[in-house]
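Student:
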DNA sequence: ATAGGGTTAG
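What follows is the structure, given as structure tokens:
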């Protein structure tokens, strides 16, 4: 820019500035170069007595590039006021990169202008309009434009597919996707990402494999989506394969990719690799720091997460509300109650971030897990917004750990008022009654569940072996190697009993005999996954499991013993955090 | 000079 300013003053001195092509070149640099500067572009633009439509277009493009679409729209209106007519470049520039609220605000009106000025059948303009309506969720209008187009191309199709994905209508989007005459890497990535947005991660991976068989090269956008899927599924092998692919094929390794890699490594329990990626990222943004802070927190490195937060502030990166979720989570998982309170008040006083309902949930979690149930309840009573079922759920979870049946009843009642079909609440309440030996209450709730047709969310564990994700639900017999797995499980249980394992059935709430209770915990999904992992690995190996619910006490104990007896590192990611089992103990130090 | 896809929590 400094160089440009020199050139600019030269042109004024020499009188060259009056040449329209020189003016346009100056503006174009400010508007499109990565070190450009829109303020300076304005200064130059204001000196031009009669800007051409090209100059106006360039200014509009510049604003859309830095997401100041409102400025772009006022520029466009100024242009009309100064009697310059838009051309077929104006609308694509103007509409490019609209966000949903901008699209809602200006979309229809600008569509009228398109028609009025006669660009309604220009492919570029039509595609831009499809995209605007797709953002607004107005698929009927988007489809109308699409239907009228004589020359629809891959971009028009992708616009429609994205529109349905924005509305969460993945299957409908998939029908259009399958009908596309030509698909390129953008359309594939959009569809893959659509599955991610509705938490259908395995389908995202399946589609990625199809993309590869179709010989379409993924780019860095695709990689980010796939890494995110790996993070959710705990699919480390595939994640590492992606990392190798990125290096080998020189896929652009930007900050987005780095951030997604950090998240993937952390969510697969490999903090060491995440740290090394973190160090390699040159331009760290708030996502980089936040992903690392959250990752350290859920892996039990609370103090390191807090150190990382201080370092982030020293690097002058402003935290957001998600960063603070990570910070509070770090305090929760390591029992740092006073620090947690300090950071909570710092949110507003230091960074003017008003705590949202999630942050109050974190505070309830923090106090509750530390056994300070009354204080946790005080937080709920004093919070400025209505507590949701997550906040009450945090209290209920704490009641389970600290076996407080009275408060659990109260919390459960609150949740069921907000969310009557929440099966997990009934289950938790049953766990607590069972653990407190309040069998009459237990029977009542069991009956209630039957009467109301409430189903328990089945426990489900994922384990990745040789790049394939295997899924087990409690008591699963659908796996092709199921016979072998149950044999291994039996052998495992007897081996462990030999070193002192006694099944812990205190939380089993089925009204059944002790022997059946043992067989109920025996069939938990993470045990099936562990047995499967043992069959398919050697001593010294790491077994990684991702579970959809919290681990039960019995499985936690079994995992500790498995790590010692069979010399495996067992890493279980449960609903809220990681457990790294090594040589008979767990990284959570039994605080969870 | 033209339009489509990507990251952090719960």
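In the working numbering, the protein residues as written are 4 to 595. The beta carbon of each residue, even a glycine, is placed where N, CA and C say it ideally should be.
1. Measure the CB-CB distance between residue 542 and residue 585 and report whether it falls below 8 Å.
2. Where does residue 441 sit, in a helix, a strand or coil, going by DSSP?
3. How about residue 511 and residue 520: do their beta carbons lie closer than 8 Å?
4. For residue 550, which beta-bridge partners are listed by DSSP?
5. Going by DSSP in three states, residue 559 sits in which element: helix, strand or coil?
6. Figure out for me which residue from 101, 135 and 258 has the closest Cα to the Cα of residue 114.
7. With distance defined between alpha-carbon atoms, name the residue in 435, 277 and 258 nearest to residue 265.
8. Quick test of your reading: residue 303 and residue 337, contact by CB under 8 Å. State the CB separation rounded to the nearest angstrom.
9. Rounded to whole angstroms, what's the CA-CA distance from residue 360 to residue 331? Just pull it up for me.
10. Can the beta-carbon of residue 562 be found less than 8 Å from the beta-carbon of residue 527?
11. Applying the criterion that 16 or more other CB atoms from any shown protein chain within 10 Å of the CB defines a buried residue, is residue 287 buried or exposed?
12. Please identify the residue among 31, 162 and 158 whose C-alpha is closest to the C-alpha of residue 144.
13. Could you tell me the alpha carbon to alpha carbon distance between residue 177 and residue 164, rounded to whole angstroms?
14. Can you tell me which residues form a DSSP beta bridge with residue 588?
15. Measure from the alpha carbon of residue 442 to the alpha carbon of each residue in 515, 355 and 268, then state which is nearest.
16. Where residue 109 and residue 245 are concerned, what is the direct C-alpha to C-alpha distance, given to the nearest angstrom?
17. Over the uninterrupted beta strand (DSSP E) stretch that includes residue 122, give me the two end residues.
18. Look at the alpha carbon of residue 430 and the alpha carbon of residue 393, and state the distance between them as a whole number of angstroms.
19. With a threshold of 16 other CB atoms inside 10 Å of the CB of residue 19, please say whether the residue is buried or exposed.
20. Please return the same chain residues whose Cβ sits closer than 8 Å to the Cβ of residue 560, not counting the five positions on each side in sequence.
21. Would you decide whether residue 529 is buried or exposed? Buried here means 16 or more other CB atoms lie within 10 Å of its CB.
22. Just to confirm the assignment, what range does the alpha helix (DSSP H) spanning residue 457 have?
23. With a cut-off of 8 Å on the beta carbons, I'd call residue 367 and residue 398 a contact; round off their distance for me.
24. To test your reading of the DSSP string, which unbroken alpha helix (DSSP H) runs of 4 or more residues are found completely within the region 241-314?
25. Kindly provide the ranges of any beta strand (DSSP E) runs that are 3 or more residues long and lie completely inside the region 11-62, ordered along the chain.
26. Mind listing, in chain order, the continuous beta strand (DSSP E) runs of no fewer than 3 residues lying wholly within the region 363-415?
27. Would you tell me roughly how many angstroms separate the C-alpha atoms of residue 419 and residue 272, rounded to the nearest one?
28. Can you give me the Cβ contacts of residue 553 inside the same chain, cut-off strictly under 6 Å, excluding the 5 residues immediately before and after it?
29. For the beta strand (DSSP E) holding residue 502, just list the boundary residues, first then last.
30. Helix, strand or coil: how does DSSP classify residue 91 here?
31. Assuming residue 434 and residue 455 make a contact with CB atoms under 8 Å, what is their CB distance in whole Å?
32. Beta-carbon within less than 8 Å of residue 226's beta-carbon, same chain only, minus the 5 sequence neighbours each way: which residues are those?
33. Between the alpha carbons of residue 221 and residue 289, how many angstroms are there, rounded?
34. Let's test the definition: count the other Cβ atoms within 10 Å of the Cβ of residue 317 and tell me whether it reaches 16, buried, or not, exposed.
35. Between the alpha carbons of residue 321 and residue 27, how many angstroms are there, rounded?
36. By Cβ distance, which residues of its chain are closer than 8 Å to residue 411, with the 5 residues on each side in sequence left out?
Tutor: Based on what the coordinates show:
1. Here residue 542 is taken as the residue at index 539 of the first chain, counted from 1. Here residue 585 is taken as the residue at index 582 of the first chain, counted from 1. In this structure, residue 585 does not lie closer than 8 Å to residue 542 by Cβ.
2. On the first chain, residue 441 is found 438 positions in, with the first residue counted as 1. Residue 441 falls in the coil class under three-state DSSP.
3. Start at 1 with the first residue of the first chain, and residue 511 comes out as number 508. Start at 1 with the first residue of the first chain, and residue 520 comes out as number 517. Closer than 8 Å, so yes.
4. Residue numbering aside, residue 550 sits at position 547 when the first chain is read from its first letter. Assignment of beta-bridge partners to residue 550 by DSSP yields 464.
5. Position 556 of the first chain, counted from the first residue, corresponds to residue 559. Residue 559 falls in the helix class under three-state DSSP.
6. Here residue 114 corresponds to residue number 111 of the first chain, with the count starting at 1. Measuring C-alpha to C-alpha distances from residue 114 to each of 101, 135 and 258 identifies 135 as the nearest.
7. Taking the first chain and counting its residues from 1, the one referred to as residue 265 is at position 262. Of the candidates 435, 277 and 258, the one whose C-alpha sits nearest the C-alpha of residue 265 is 277.
8. The residue given as residue 303 occupies position 300 in the first chain. The residue given as residue 337 occupies position 334 in the first chain. Under the criterion of beta carbons closer than 8 Å, residue 303 and residue 337 qualify as touching, at roughly 7 Å.
9. If you number the first chain from 1, residue 360 lands on position 357. If you number the first chain from 1, residue 331 lands on position 328. Taking the straight line joining both Cα atoms gives about 13 Å.
10. For this step, residue 562 is matched to residue 559 along the first chain. For this step, residue 527 is matched to residue 524 along the first chain. No; because the gap between Cβ atoms is not below 8 Å, this pair is not in contact.
11. Working through the first chain from its first residue, we reach residue 287 at position 284. By the neighbour-count definition (other C-beta atoms within 10 Å, threshold 16), residue 287 is a buried residue.
12. As a first step, residue 144 is located in the first chain; it is residue number 141 there, counting from the start. Among 31, 162 and 158, the Cα nearest to that of residue 144 belongs to 162.
13. Numbered from 1 along the first chain, position 174 holds the residue referred to as residue 177. Numbered from 1 along the first chain, position 161 holds the residue referred to as residue 164. Cα-Cα distance, rounded: 7 Å.
14. Locating residue 588 in the first chain gives position 585, where the first residue counts as 1. Per DSSP, 585.
15. Taking the first residue of the first chain as position 1, residue 442 is located at position 439. Scanning 515, 355 and 268 for the CA closest to the CA of residue 442 turns up 515.
16. Counting from one through the first chain, the residue named residue 109 turns up at place 106. Counting from one through the first chain, the residue named residue 245 turns up at place 242. Computed Cα separation, rounded: 40 Å.
17. Residue 122 sits at position 119 when you count from the first residue of the first chain. That residue, residue 122, is in no beta strand (DSSP E); it is neither H nor E in DSSP.
18. For this step, residue 430 is matched to residue 427 along the first chain. For this step, residue 393 is matched to residue 390 along the first chain. Distance from the CA of residue 430 to the CA of residue 393, rounded to the nearest whole angstrom, comes to 15 Å.
19. Locating residue 19 in the first chain gives position 16, where the first residue counts as 1. The residue is exposed, with fewer than 16 neighbouring Cβ atoms inside 10 Å.
20. To locate residue 560, count along the first chain from 1; it is residue 557. Result list for residue 560: 504 and 507, in chain order.
21. For the purposes of this step, residue 529 is taken as residue 526 along the first chain, with counting starting at 1. It is buried - the Cβ of residue 529 has at least 16 other Cβ atoms within 10 Å.
22. Taking the first chain and counting its residues from 1, one reaches residue 457 at position 454. Here residue 457 belongs to no alpha helix (DSSP H), and DSSP marks it neither H nor E.
23. Position 364 of the first chain, counted from the start, is the residue given in the question as residue 367. Position 395 of the first chain, counted from the start, is the residue given in the question as residue 398. Distance from residue 367 to residue 398 at the Cβ level is roughly 5 Å; contact confirmed, criterion being Cβ atoms closer than 8 Å.
24. Counting only runs of 4 or more, we get 258-270, 274-283 and 289-301.
25. Runs of the beta strand (DSSP E) lying entirely within the region 11-62, each at least 3 residues long, are absent.
26. The DSSP assignment places no complete run of the beta strand (DSSP E) inside the region 363-415 (cut-off: 3 residues).
27. As a working note, residue 419 is residue 416 in the first chain. As a working note, residue 272 is residue 269 in the first chain. CA-to-CA, the gap between residue 419 and residue 272 works out to about 34 Å.
28. Taking the first residue of the first chain as position 1, residue 553 is located at position 550. So the qualifying residues of the chain are 577 and 578.
29. Your numbering for residue 502 matches position 499 in the first chain. Per DSSP, residue 502 is not a residue of any beta strand (DSSP E), being assigned neither H nor E.
30. As a working note, residue 91 is residue 88 in the first chain. In this structure, residue 91 counts as coil in the three-state DSSP scheme.
31. Indexing the first chain from 1 puts residue 434 at position 431. Indexing the first chain from 1 puts residue 455 at position 452. Not a contact, Cβ separation roughly 18 Å.
32. In the first chain, counting from the first residue as 1, residue 226 sits at position 223. Apart from the 5 residues on each side of it in sequence, residue 226 sits with its Cβ closer than 8 Å to the Cβ of 245, 248, 249, 254, 260 and 263 in its chain, given in chain order.
33. Translated into the one-based positions of the first chain, residue 221 becomes position 218. Translated into the one-based positions of the first chain, residue 289 becomes position 286. Distance between the alpha carbons of residue 221 and residue 289: 26 Å.
34. Position 314 of the first chain, counted from the first residue, corresponds to residue 317. By the beta-carbon neighbour count (other beta carbons within 10 angstroms, threshold 16), residue 317 is exposed.
35. Within the first chain, the letter at position 318 stands for residue 321. Within the first chain, the letter at position 24 stands for residue 27. In this model, residue 321 and residue 27 are separated by some 36 Å (Cα to Cα).
36. If you number the first chain from 1, residue 411 lands on position 408. The residues are 399, 402, 403, 431, 432 and 435.
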